[in-house]
Amino acid sequence: MGISKDRIKFNVGGRLFETTATTLANAGRDSFFGALFDDEWNLSPPSEDSIHFIDRNSDCFSVLLDLLRTGDLNVPANITERLLHREASFYGLLDHVRAAKWGPFDGNRLRLSDSVKGSAPGDGTAIRAGPDGGCCVAHGSVVHVYDWMLEEHSPINLDYQRVNDVGWIDSDNIVLSACERLGRGEGGMGLFSSSSGDLRYKFQVCHENQVKSYTAGALSFSPDYKIFSSCKGRSNEYGIGVWDQITGKQTDFFYESPGWSLGDADKLQWLNGKNCLLVATLFPRKDNCYISLLDFRDKNMVWSWSDIGSPMAIDEKRVRDAIAMEDSNSICVVNEFEDLGFIDLRMYGGSVRWSSRSKLMKSKMPDEPCYPKLALHEGQLFSSMNDSISVFCGPDWVLTSRLRRSYGGSICDFSIGGDRLFALHCEENVFDVWETPPPPII
Amino acid sequence: MSNQKKRNFQIEPFKQRVIVDPKYSDKTWKILEHAIHEIYNHNASGLSFEELYRNAYNMVLHKFGQKLYNGLVLSMTFHLKEICKSIEVSQGGSFLEQLNRNWNDHNKALEMIRDMLMYMDRTYVSSTNNTPVHELGLNLWRDIVVHSSKIQSRLLNTLLDLVHKERTGEVIDRLLMRNVIKMFMDLGEIVYQEDFEKPFLEASAEFYKVESQEFIECCDCGDYLKKAEKPLIEEVERVAHYLDVKSEEKITSVVEREVIANHMQRLVHMENSGLVNMLLNDKYEDMGRMYSLFRRVTNGLVIVRDVMTLHLREMGKQLVTDPEKSKDPVEFVQRLLDERDKYDKIIVTAFNNDKTFQNALNSSFEYFLNLNTRSPEFISLFVDDKLRRGLKGVRDDDVDLILDKVMMLFRYLQEKDVFEKYYKQHLAKRLLSGKTVSDEAERNLIVKLKTECGYQFTSKLEGMFTDMKTSHDTLLGFYNSHPELSEGPTLVVQVLTTGSWPTQPTVPCNLPAEVSVLCEKFRSYYLGTHTGRRLSWQTNMGTADIKAVFGKNQKHELNVSTFQMCVLMLFNNSDRLSYKEIEQATEIPASDLKRCLQSMACVKGKNVLRKEPMSKDIAEEDSFVVNERFTSKFYKVKIGTVAAQKETEPEKQETRQRVEEDRKPQIEAAIVRIMKSRRVLDHNNIITEVTKQLQSRFLANPTEIKKRIESLIERDFLERDSTDRKLYRYLA
Numbered sequence: 001m002g003i004s005k006d007r008i009k010f011n012v013g014g015r016l017f018e019t020t021a022t023t024l025a026n027a028g029r030d031s032f033f034g035a036l037f038d039d040e041w042n043l044s045p046p047s048e049d050s051i052h053f054i055d056r057n058s059d060c061f062s063v064l065l066d067l068l069r070t071g072d073l074n075v076p077a078n079i080t081e082r083l084l085h086r087e088a089s090f091y092g093l094l095d096h097v098r099a100a101k102w103g104p105f106d107g108n109r110l111r112l113s114d115s116v117k118g119s120a121p122g123d124g125t126a127i128r129a130g131p132d133g134g135c136c137v138a139h140g141s142v143v144h145v146y147d148w149m150l151e152e153h154s155p156i157n158l159d160y161q162r163v164n165d166v167g168w169i170d171s172d173n174i175v176l177s178a179c180e181r182l183g184r185g186e187g188g189m190g191l192f193s194s195s196s197g198d199l200r201y202k203f204q205v206c207h208e209n210q211v212k213s214y215t216a217g218a219l220s221f222s223p224d225y226k227i228f229s230s231c232k233g234r235s236n237e238y239g240i241g242v243w244d245q246i247t248g249k250q251t252d253f254f255y256e257s258p259g260w261s262l263g264d265a266d267k268l269q270w271l272n273g274k275n276c277l278l279v280a281t282l283f284p285r286k287d288n289c290y291i292s293l294l295d296f297r298d299k300n301m302v303w304s305w306s307d308i309g310s311p312m313a314i315d316e317k318r319v320r321d322a323i324a325m326e327d328s329n330s331i332c333v334v335n336e337f338e339d340l341g342f343i344d345l346r347m348y349g350g351s352v353r354w355s356s357r358s359k360l361m362k363s364k365m366p367d368e369p370c371y372p373k374l375a376l377h378e379g380q381l382f383s384s385m386n387d388s389i390s391v392f393c394g395p396d397w398v399l400t401s402r403l404r405r406s407y408g409g410s411i412c413d414f415s416i417g418g419d420r421l422f423a424l425h426c427e428e429n430v431f432d433v434w435e436t437p438p439p440p441i442i
Numbered sequence: 001m002s003n004q005k006k007r008n009f010q011i012e013p014f015k016q017r018v019i020v021d022p023k024y025s026d027k028t029w030k031i032l033e034h035a036i037h038e039i040y041n042h043n044a045s046g047l048s049f050e051e052l053y054r055n056a057y058n059m060v061l062h063k064f065g066q067k068l069y070n071g072l073v074l075s076m077t078f079h080l081k082e083i084c085k086s087i088e089v090s091q092g093g094s095f096l097e098q099l100n101r102n103w104n105d106h107n108k109a110l111e112m113i114r115d116m117l118m119y120m121d122r123t124y125v126s127s128t129n130n131t132p133v134h135e136l137g138l139n140l141w142r143d144i145v146v147h148s149s150k151i152q153s154r155l156l157n158t159l160l161d162l163v164h165k166e167r168t169g170e171v172i173d174r175l176l177m178r179n180v181i182k183m184f185m186d187l188g189e190i191v192y193q194e195d196f197e198k199p200f201l202e203a204s205a206e207f208y209k210v211e212s213q214e215f216i217e218c219c220d221c222g223d224y225l226k227k228a229e230k231p232l233i234e235e236v237e238r239v240a241h242y243l244d245v246k247s248e249e250k251i252t253s254v255v256e257r258e259v260i261a262n263h264m265q266r267l268v269h270m271e272n273s274g275l276v277n278m279l280l281n282d283k284y285e286d287m288g289r290m291y292s293l294f295r296r297v298t299n300g301l302v303i304v305r306d307v308m309t310l311h312l313r314e315m316g317k318q319l320v321t322d323p324e325k326s327k328d329p330v331e332f333v334q335r336l337l338d339e340r341d342k343y344d345k346i347i348v349t350a351f352n353n354d355k356t357f358q359n360a361l362n363s364s365f366e367y368f369l370n371l372n373t374r375s376p377e378f379i380s381l382f383v384d385d386k387l388r389r390g391l392k393g394v395r396d397d398d399v400d401l402i403l404d405k406v407m408m409l410f411r412y413l414q415e416k417d418v419f420e421k422y423y424k425q426h427l428a429k430r431l432l433s434g435k436t437v438s439d440e441a442e443r444n445l446i447v448k449l450k451t452e453c454g455y456q457f458t459s460k461l462e463g464m465f466t467d468m469k470t471s472h473d474t475l476l477g478f479y480n481s482h483p484e485l486s487e488g489p490t491l492v493v494q495v496l497t498t499g500s501w502p503t504q505p506t507v508p509c510n511l512p513a514e515v516s517v518l519c520e521k522f523r524s525y526y527l528g529t530h531t532g533r534r535l536s537w538q539t540n541m542g543t544a545d546i547k548a549v550f551g552k553n554q555k556h557e558l559n560v561s562t563f564q565m566c567v568l569m570l571f572n573n574s575d576r577l578s579y580k581e582i583e584q585a586t587e588i589p590a591s592d593l594k595r596c597l598q599s600m601a602c603v604k605g606k607n608v609l610r611k612e613p614m615s616k617d618i619a620e621e622d623s624f625v626v627n628e629r630f631t632s633k634f635y636k637v638k639i640g641t642v643a644a645q646k647e648t649e650p651e652k653q654e655t656r657q658r659v660e661e662d663r664k665p666q667i668e669a670a671i672v673r674i675m676k677s678r679r680v681l682d683h684n685n686i687i688t689e690v691t692k693q694l695q696s697r698f699l700a701n702p703t704e705i706k707k708r709i710e711s712l713i714e715r716d717f718l719e720r721d722s723t724d725r726k727l728y729r730y731l732a
């Protein structure tokens, strides 16, 4: 076996290419090349100058061959994304293209890669990043689903029930929580296929062994395959429901205690280290803000905080979003002026320590502000305000980057996942896709 | 199709929908179907992968995915039915081989078909929720071939038959077995379980049921256990050779149930070879085997343990209640120690040093050791014996070992305070008579007792050692301050603290003048150095060495008791003395005097006195003279006092009574301690608490506790609750 044995010649759409089996092996067995050179299909050993003919676009082949050689994707201007994706799909190399397109997520190196305009203007509810770079946008009673190539799939249509929250189980399954419609026992939570938009499963809630209709609010998922949702039942059965992702059965229900709010929660967050669920009901959904940590093992509210009774002099500082940061044992909150505040989780009944940083912002408030939102990703804290997203790093949460694009109005929601950040604007129903560029060559 | 975009001007009428050749899909499918056919016929060398892949791609692209998928199902079904037929007709031994060959072919073909239709798998199948090609191929194989009416039962029977053959010693083609069973596993866990594992386990259970029944009819317990080990090893091997790893646990549990669990009772109780027999004959190997086999089964070890416990208790009961065997305390304890060693060894070597077995051993010993109320005394006597002489010439390590073993027995005792009483007596005797062999061993044991029962238990014993030491120092001081005493009789005094030592009634006697002068000197010296003390002489416990000259100038040194010395000294002044005269002169109590005269006049070889008339017992009318004809080979002659080493019946009663008396304040103290912290408590709870608190010393008798409570009520420590008479209140 000489070295020349390794050489392989292709004639792609009339153009000759020469490469090595080693390069093609990078494509993996589950690809066109993997099968083509499998022993089963190659009973007679190829002679020195046998040329494999492939009836495909030669320009794209050269890009993809280069991708296999270097792991780097360089698309000339004359090749459209769609063309490249179609060819990659033919060879079974779509995953390779996706992996080469953007680098590992870093909040301080993000570049705007695309903006996608929705079909209907305004009133986006939520945007959620999928695990493989896709996303979905909840919009009234419709959820639009985009794959990582930002191609839109069949939308999920809920027949005029308003969608409250969306979440990805995996790249093929989406959970929707929706309002109950008066007079019709529908609403609640359903599992949908992300590729076809079909309803696959409906999650039910039982109270005293009776199935009841309910309105599902915020969603959260835990790594041990549980789904949490805030629930409001018809006969004051408010609280947090728990379902098993595998069986789809309801496994638990944490009832709201009098004088406290759980069923109206805006935000749920599963804390893996503490084995607790953060539940936050925030102004102005209720007159006051309630933040609690629930331990479902012994049905115990292990920590809680509320601004009931705090002096109204700091009325303007109402908490609008909250996120738990397990590493620093604190909860980060934000008010409508994008002031960050911190509450210590180790103390019961502690107060908010505001870091007043951005009073300057106050002067140029837009007419229709959106409430700020918070997100945490690998030690970086993200906060949206008006038309920009701020990135904070380090133990003291110093502002290190700001993402802004001057089009589409305020950001009403954003989400990080699949190494991408999606930001949804409220005016034009446009969403931006931010990616980290592939790492530098040297 | 989208190249219209580039045109700047549009002339629409020419725009025609590009119509795909209506027969296009059929033609393309024909090509692909032909390829599938060729693949199944091992004729794939002429096929072009690129062309086939492109055709499949085009079909999916032009929305013929459903047609392609349906065609694949039909075509594969057709080929599998053909295969099925060829397997069905194969004869006898070639059946499995044929099946295996076809299965391999199908797998290969499936692989190639999947490659060919890769694009369909990735796009069409995943978006329509159809079964992927590979899984589809396996499902079809399962439904068409494996579940075919003519194959399913034949396949199963062939496999089970082969397993049976191997169990009965034949050699089978394990590789083929492995391949066929691997097929079941590849088809999915459920297929493996339903189509093979379940019937396999049933057949195995049946097989071992019959086999174990045969064995047990003709083997004794040991042999059966040996045979029972074999199938367990064999089945594990079988799993390793050609079954799924997950089956190991299941088949093992089947064998365990059939071979062990179902025969456990019978095996353990087997006459002449069961567990009791093994225990008696120290069959470590068999017992070890029994342990390792039975522990696989639930309750297996419980049975073994129960039988051992029962046997131990029975044996122990006999040992401690047999009056013959309890005659000699040393032997009695030695026997117990031997039994313990024996069972300890059995548990260590055969029963894997199992904690639960050790507990059973301990509880059994505790049970029967306390059946005999004299056990505490015997254990103390045993220690006494060992420390007096038994340990001479034994190395320190071994001494420690023996003491440790004794401590083990001690731990089983419920009446530890009784032991303490006896031990104190025996220790006092040892110390005073200087009989103890090793001071270190003595102290060692006390340290052990201390760790076992606490400081309180041994404080008095330690006090005894301290007394010995200070006495020695005091004596040195005495002689230093009285240098004139270096001539004349030497006095050795041991000053004992009252309370630390077992109390003995002080028996006064008239000491000879020479001695009493010395005693007085010592008394004044002692009281001079220690104020506020009182000395009284325990003459009944002393000894004396006196020099005597007999008839033909025979010189001897006599080692005698103080009483005997008093008597003998009288003969310095007169040749003949009557009993009455001796009694008057010495004032020794009659019983002691008689004993001491008896030991000097009636024991052969030690008869320094001659009694008239000659008889065994001492009468009040007897008279005594010095035996001038006394001879002995030794210069030093020890004249013992006639005394029983073991306690006499009244003495025993007395000790018992003293123990009971000592317990009273302890029980009362415990009651007060408990009530002080609880304030109010009902009767039953007091009893349990008190019993628990005193457990380390003795087992308190409930009626005694009740009496103590009554007494405390009388003395206004407690009162009964006015409404509930069962409740007691603490009165501060």
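Line order of the protein sequences matches chains A and B.
Take the first sequence: its letter number 149 is residue 149 in the UniProt record's numbering, and every next letter is one higher.
Take the second sequence: its letter number 535 is residue 535 in the UniProt record's numbering, and every next letter is one higher.
By construction, the Cβ of each residue, glycine as well, lies at the ideal position given by its N, Cα and C atoms.
Per-residue burial, residue i [other beta carbons within 10 Å of its own, 16 or more giving buried]
i: residue 416 of chain A; result: buried
i: residue 150 of chain B; result: exposed
i: residue 289 of chain B; result: buried
i: residue 205 of chain A; result: buried
i: residue 174 of chain B; result: exposed
i: residue 753 of chain B; result: Given a span of 1 to 732 for chain B in the structure shown, any question on residue 753 of chain B remains unanswerable.
i: residue 492 of chain B; result: exposed
i: residue 106 of chain B; result: buried
Distance cut-off 7 Å: residue i Cβ against heavy atoms of the ligand GTP
i: residue 481 of chain B; result: No copy of the ligand GTP appears in this structure; indeed no ligand is present at all.
Beta-bridge partners of residue i, as assigned by DSSP
i: residue 301 of chain A; result: A/294
i: residue 243 of chain A; result: A/227 and A/250
i: residue 325 of chain A; result: A/330
i: residue 156 of chain A; result: A/143
6 Å Cβ shell around residue i - same chain, five flanking residues per side excluded
i: residue 121 of chain B; result: 132 and 133
Close beta carbons around residue i, own chain, < 8 Å, minus the five adjacent residues each side
i: residue 251 of chain A; result: 226, 242, 243 and 244
i: residue 155 of chain A; result: 142, 143, 144, 145 and 197
i: residue 291 of chain B; result: 301, 304, 350, 351, 352 and 354
Anticipated Cβ contact below 8 Å, residue i with residue j, distance rounded
i: residue 117 of chain A; j: residue 52 of chain A; result: Not quite, the Cβ-Cβ distance comes to about 43 Å (not below 8 Å), so this is no contact.
i: residue 460 of chain B; j: residue 524 of chain B; result: The pair is not a contact, with the Cβ atoms about 29 Å apart (cut-off 8 Å).
i: residue 253 of chain A; j: residue 277 of chain A; result: So it is not a contact: roughly 13 Å between Cβ atoms.
i: residue 33 of chain A; j: residue 24 of chain A; result: 4 Å
*Does the count of Cβ pairs from the stretch 289 to 304 of chain B and the stretch 253 to 272 of chain B closer than 8 Å reach three?*
With the cut-off at 8 Å, the stretch 289 to 304 of chain B and the stretch 253 to 272 of chain B touch.
*Three or more beta-carbon pairs under 8 Å between the stretch 564 to 577 of chain B and the stretch 541 to 548 of chain B, yes or no?*
As far as the Cβ criterion goes, the stretch 564 to 577 of chain B touches the stretch 541 to 548 of chain B, which means the pair count is three or higher.
*Between the stretch 694 to 705 of chain B and the stretch 451 to 463 of chain B, are three or more C-beta pairs nearer than 8 Å?*
Three or more Cβ pairs drawn from the stretch 694 to 705 of chain B and the stretch 451 to 463 of chain B lie within less than 8 Å of each other, which places the two stretches in contact.
*Would you call the stretch 246 to 255 of chain B and the stretch 307 to 318 of chain B in contact, with 3 or more CB pairs under 8 Å?*
In short, these stretches do not touch, since the Cβ pair count stays below three.
*Is the stretch 549 to 557 of chain B touching the stretch 532 to 539 of chain B, taking contact as three or more C-beta pairs under 8 Å?*
No contact exists between the stretch 549 to 557 of chain B and the stretch 532 to 539 of chain B.
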